[in-house]
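First residue of the sequence shown: 0, per numbering that gives the first Met the number 0; consecutive thereafter.
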Amino acid sequence: MAIEHDFFGLLESGPDGSIFWSENVEFADQSVTVDLT
0 MAIEHDFFGL LESGPDGSIF WSENVEFADQ SVTVDLT
């Protein structure tokens, strides 16, 4: 199941029912993955 959020975009749910958001962000020459659960 997925939920659309105005700021975060698409929020997905995991197999245990938890909702999470993940995004790759570029900082200078590094790629950083940001995960919210």
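Ideal Cβ positions, reconstructed from N, Cα and C, are used throughout, including at glycine.
All figures in this text were calculated on a predicted structure; none of them were measured in a lab.
On a Cα-Cα basis, can you pick out the residue from ALA27, GLU22, SER17 that is closest to ASP34?
A check of alpha carbon separations from ASP34 across ALA27, GLU22, SER17 identifies GLU22 as the nearest.
Coarse secondary structure for ASP28, derived from DSSP in three states
ASP28 falls in the coil class under three-state DSSP.
Counting only the same chain and skipping the five closest in sequence on each side, list residues whose C-beta sits under 8 Å from that of VAL31.
By the criterion of a C-beta distance shorter than 8 Å, VAL31 is surrounded in its chain by ASN23, VAL24, GLU25, once the five residues flanking it on both sides are discounted.
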